[in-house]
Amino acid sequence: MQVEKRVAALVEEKIADRPELFLVEVKMLPNNKLIIHVDGDEGINIQDCVDISRHVGFHLEEENAIEQAYNLEVSSPGVGEPLKMIRQYNKNIGRTVSIKLKEGLKKEGKLLAVTENNLQIEESVKEKGKKAVAVQTDVPFNDILETSVLISFK
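Okay, so the sequence shown: first residue is 0 according to numbering that gives the first Met the number 0, each after it adds one.
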């Protein structure tokens, strides 16, 4: 866990002058793979990932922070990765999301708005024998287990 905290500090140091970029997560996997997910309000480009990787890698080597061999991977969170931060929700307003709730239910709809405490989606609700109706639903973050953006190939 100490390595992950140090890596997070190094990433924050590197992107300090880039307010549009933000650290999503740092994970050290049991197979010695160090994964850093960084995103941006308008996305992140490959050169930013390269710069972060070089900065983190250089300092980890200088400090001998990881004694065994490791693989360092810096990228944006993948398409299938769940949203973890409010900034990620904000950049996906207007897209369709799938929400797994803590009580086991699942909701799906267009992400309309995000506040500090909840998000608002537009769901298509169909009652038996009637047409589907668009309904706006507020979902508290405390009730959410996981949210993923759904990709449409239409």
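All C-beta atoms in this analysis are idealised placements derived from N, C-alpha and C, irrespective of residue type, glycine included. Small disclaimer: the values here were computed from a predicted structure and weren't measured.
Limits of the unbroken alpha helix (DSSP H) element including residue i
{"i": "GLU24", "result": "No alpha helix (DSSP H) contains GLU24, which is instead part of the beta strand (DSSP E) from 20 to 27."}
{"i": "ASN89", "result": "85 to 90"}
For residue i, three-class secondary structure by DSSP
{"i": "VAL96", "result": "strand"}
{"i": "LYS13", "result": "helix"}
{"i": "GLU107", "result": "strand"}
{"i": "ILE143", "result": "strand"}
Inter-residue spacing [alpha-carbon to alpha-carbon] between residue i and residue j
{"i": "LYS125", "j": "GLN135", "result": "13 Å"}
{"i": "HIS58", "j": "ASP40", "result": "27 Å"}
{"i": "ASP137", "j": "GLU121", "result": "9 Å"}
{"i": "ASN117", "j": "LYS127", "result": "29 Å"}
{"i": "GLU11", "j": "VAL23", "result": "11 Å"}
{"i": "ILE45", "j": "LYS129", "result": "49 Å"}
{"i": "ILE150", "j": "LYS99", "result": "16 Å"}
{"i": "GLY77", "j": "LYS90", "result": "14 Å"}
{"i": "ALA7", "j": "GLU60", "result": "15 Å"}
{"i": "GLU176", "j": "PHE21", "result": "No statement about residue 176 is possible, as the shown extent of the chain runs from 0 to 153 and does not include it."}
{"i": "CYS48", "j": "GLU19", "result": "14 Å"}
{"i": "LEU103", "j": "GLU62", "result": "Note that residue 103 is Gly in the sequence shown, not Leu. Cα-Cα distance, rounded: 45 Å."}
{"i": "VAL2", "j": "VAL73", "result": "15 Å"}
N- and C-terminal bounds of the beta strand (DSSP E) containing residue i
{"i": "ALA133", "result": "132 to 139"}
{"i": "ILE35", "result": "32 to 39"}
{"i": "LEU161", "result": "Look at the range of the chain in this structure, 0 to 153, and you will see that residue 161 is not part of it."}
Cβ of residue i within 7 Å of any chain C Cβ
{"i": "ILE43", "result": "Among the chains of the structure shown, chain C does not appear; only one protein chain is present."}
Tell me whether the stretch 29 to 40 and the stretch 65 to 72 touch, counting them as touching only if at least three CB pairs, one residue from each stretch, are closer than 8 Å.
yes
Would you mind listing the beta strand (DSSP E) stretches within the stretch 47 to 83 that are 3+ residues and don't spill past its ends, in chain order?
70 to 74
Below 8 Å, how does it come out for the stretch 76 to 90 and the stretch 46 to 55: are there three or more Cβ pairs, yes or no?
no
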